[in-house]
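First up is the structure itself, then whatever we jot down about it.
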Amino acid sequence: MTTKISKVSSKEPVTMADLLSKANKRFISYSVGQKIRAKVVSKTHKALILDIGGKSEGVVCEKAFIEARDFIKTLKVGDEVTVSVLISESRDGNVVLSLRQAMFGAAWEKLEKARDAKEGIPVYAKGVNPSGVAVDCEGVGGFIPTTQLGKEASKNPQSLVGKYFKAVPIEVDRTFNKLVLSEKEVSEASDIKEASEAILKVKEGDIYKGIVTTVANFGCFVKIEIDKGREVEGLVHISELSWGRVERVADVVNKGDEVKIKVIGKKDGKLAFSIKQALEDPWKEAVKKYKPEARIKGKVVRLSDFGVFVELEPGIEGLIHITKIPPATRIKEGDEVNCYIEEIDTKSKKLSLGLVLTSKPLGYK
103 MTTKISKVSS
113 KEPVTMADLL
123 SKANKRFISY
133 SVGQKIRAKV
143 VSKTHKALIL
153 DIGGKSEGVV
163 CEKAFIEARD
173 FIKTLKVGDE
183 VTVSVLISES
193 RDGNVVLSLR
203 QAMFGAAWEK
213 LEKARDAKEG
223 IPVYAKGVNP
233 SGVAVDCEGV
243 GGFIPTTQLG
253 KEASKNPQSL
263 VGKYFKAVPI
273 EVDRTFNKLV
283 LSEKEVSEAS
293 DIKEASEAIL
303 KVKEGDIYKG
313 IVTTVANFGC
323 FVKIEIDKGR
333 EVEGLVHISE
343 LSWGRVERVA
353 DVVNKGDEVK
363 IKVIGKKDGK
373 LAFSIKQALE
383 DPWKEAVKKY
393 KPEARIKGKV
403 VRLSDFGVFV
413 ELEPGIEGLI
423 HITKIPPATR
433 IKEGDEVNCY
443 IEEIDTKSKK
453 LSLGLVLTSK
463 PLGYK
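In terms of our numbering, the sequence shown has 300 at position 198, counting the first letter as 1, and numbering is strictly consecutive.
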């Protein structure tokens, strides 16, 4: 009996290598956290389906879908995105994915473009603290300082919580995950534009009358009128308040005070003012008023290792050197003392003083 041997088709795989070659996709496996480049296959109202090149498709669903919902709206079939693996294989045999990395990357790019263009973008207010408003912008946490809130928002920052509104990114640093925005650059855009135009007309050295609007421990802000009713603000640093020594700003100015200021700086749209430089420098009159050997009363304003500083008038201080003070003499800050002028240096704005004593030891006047 002749045994008939069937012919094996040359098209059928006959080796393991051939089998793997034909089903190469079926044996790809993924690990949790792995990053994959994927292509959008389809979208539904609950899930995003992606081709990840494996034996099954990848899916973004449930919490991951809700988290990235706004970003998913921007995707279309055929788009490629970077995804990360949440579950390597679900009960349905799918790879469950997250779009967080792609979403954050796109969000930071959008923020950088908005910053460069000075364009307002939607944000969602999550909470308020004394420093400002915490917001969410497409999954990126940001902050709006109180100084960057417009007039209306500043009245009641709490009213922003739970609402969407526009703000302009002013500081965007994805490396340090830092996002700072300005609400007033949207709500008061026309005012800011007018202020910028007004500032261009301000020149260093100009003298204006202004109103103190804010008093802080570092100085005060003064509002001045330029032209056609346009107003701008500038900072008077504590060192520019008075020719005399200033310990507390509130001792010199109060909110609402009318003051004369001199423009001493203009940089990046910000103005620096001086109140003391708008006044006459007392040292210009010092030569006329104070002569060597003249006797005068003054107030001790500061003690140091090498002597005591005595204020003769606001802006005019002199030093009584330690060698001019008898060891038994006790002087404290706030004391009024009788002095005599030893030497005056108007160029360096320095006065050397001696101490007039009621009981005169040898060598003292």
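Ideal placement from N, C-alpha and C gives every residue a C-beta, glycine not left out.
Here the structure is a predicted model, which is why all the values come from computation and not from measurement.
Three-state secondary structure (DSSP) at residue i?
{"i": "T431", "result": "coil"}
{"i": "K76", "result": "Only positions 103 to 467 of the chain appear in the structure, and residue 76 is not among them; the question remains open."}
{"i": "R202", "result": "helix"}
{"i": "I328", "result": "coil"}
{"i": "K220", "result": "coil"}
{"i": "I277", "result": "Reading the sequence as shown, one finds Thr at residue 277 and not Ile. T277 falls in the coil class under three-state DSSP."}
{"i": "G234", "result": "strand"}
{"i": "A149", "result": "strand"}
{"i": "I497", "result": "What is shown of the chain runs 103 to 467, which leaves residue 497 out entirely."}
{"i": "K364", "result": "strand"}
{"i": "E333", "result": "strand"}
{"i": "K215", "result": "helix"}
{"i": "S344", "result": "coil"}
{"i": "E349", "result": "coil"}
{"i": "G264", "result": "coil"}
{"i": "G155", "result": "coil"}
{"i": "E382", "result": "coil"}
{"i": "V270", "result": "strand"}
{"i": "V288", "result": "helix"}
{"i": "T448", "result": "coil"}
Quick check on residue i: buried or exposed, where buried means 16 or more other Cβ atoms within 10 Å of its Cβ?
{"i": "P271", "result": "buried"}
{"i": "F375", "result": "buried"}
{"i": "I309", "result": "exposed"}
{"i": "E395", "result": "exposed"}
{"i": "I223", "result": "buried"}
{"i": "K426", "result": "buried"}
{"i": "T411", "result": "First, the amino acid is wrong: residue 411 is Phe here, not Thr. Result: buried."}
{"i": "A125", "result": "Legend: pLDDT at A125 = 46, less than 50; position of this residue unreliable, no value from coordinates given."}
{"i": "I424", "result": "exposed"}
{"i": "L302", "result": "exposed"}
{"i": "A170", "result": "buried"}
{"i": "F320", "result": "exposed"}
{"i": "G307", "result": "exposed"}
{"i": "Y132", "result": "buried"}
{"i": "N196", "result": "buried"}
{"i": "A140", "result": "buried"}
{"i": "K490", "result": "No statement about residue 490 is possible, as the shown extent of the chain runs from 103 to 467 and does not include it."}
{"i": "K127", "result": "Confidence in K127 is poor, its pLDDT being 45 and thus under 50, which makes the residue's placement unreliable; the coordinate value appears in the next sentence. With fewer than 16 Cβ atoms within 10 Å of its Cβ, K127 is classed as exposed."}
{"i": "L152", "result": "buried"}
{"i": "L199", "result": "buried"}
When the distance is taken between beta carbons, is residue j closer than 8 Å to residue i?
{"i": "T184", "j": "Q203", "result": "yes"}
{"i": "W345", "j": "P416", "result": "yes"}
{"i": "C239", "j": "L201", "result": "no"}
{"i": "V338", "j": "V324", "result": "yes"}
{"i": "A269", "j": "V225", "result": "yes"}
{"i": "S450", "j": "G420", "result": "no"}
{"i": "A227", "j": "V263", "result": "yes"}
{"i": "G244", "j": "F206", "result": "no"}
{"i": "A50", "j": "K364", "result": "Residue coverage of the chain in this structure runs from 103 to 467, which leaves residue 50 outside it and unanswerable."}
{"i": "G358", "j": "V314", "result": "yes"}
{"i": "K165", "j": "V142", "result": "no"}
{"i": "I422", "j": "G456", "result": "yes"}
{"i": "E360", "j": "K311", "result": "yes"}
{"i": "A352", "j": "V389", "result": "no"}
{"i": "L150", "j": "I174", "result": "yes"}
{"i": "S477", "j": "G252", "result": "Lying before the first or after the last residue shown, residue 477 is absent from the chain, which here runs from 103 to 467."}
{"i": "L343", "j": "V334", "result": "no"}
{"i": "I246", "j": "L283", "result": "yes"}
{"i": "E290", "j": "F267", "result": "no"}
{"i": "E435", "j": "R404", "result": "yes"}
Over the uninterrupted alpha helix (DSSP H) stretch that includes residue i, give me the two end residues.
{"i": "A300", "result": "291-301"}
{"i": "A44", "result": "With the chain covering 103 to 467 only, the question about residue 44 has no answer from this structure."}
{"i": "F245", "result": "No alpha helix (DSSP H) contains F245, which is instead part of the beta strand (DSSP E) from 242-247."}
{"i": "K391", "result": "385-391"}
{"i": "A396", "result": "Here A396 belongs to no alpha helix (DSSP H), and DSSP marks it neither H nor E."}
Taking the beta strand (DSSP E) that residue i belongs to, which residues open and close that run?
{"i": "Y132", "result": "That residue, Y132, is in no beta strand (DSSP E); it is neither H nor E in DSSP."}
{"i": "N196", "result": "No beta strand (DSSP E) holds N196; DSSP gives it neither H nor E."}
{"i": "A374", "result": "372-376"}
{"i": "I313", "result": "309-318"}
{"i": "N356", "result": "Neither: N356 is in no beta strand (DSSP E) and is coded neither H nor E."}
{"i": "T184", "result": "182-189"}
{"i": "G436", "result": "No beta strand (DSSP E) holds G436; DSSP gives it neither H nor E."}
{"i": "I424", "result": "No beta strand (DSSP E) holds I424; DSSP gives it neither H nor E."}
{"i": "K452", "result": "452-457"}
{"i": "E415", "result": "409-415"}
{"i": "V162", "result": "160-163"}
Between residue i and chain B, is the shortest Cβ-Cβ distance under 8 Å, so that the two count as touching?
{"i": "I433", "result": "No chain B appears in the structure shown, which is made up of a single protein chain."}
Quick one: any contact between the region 392-411 and the region 422-442, if contact means 3 or more CB pairs under 8 Å? yes
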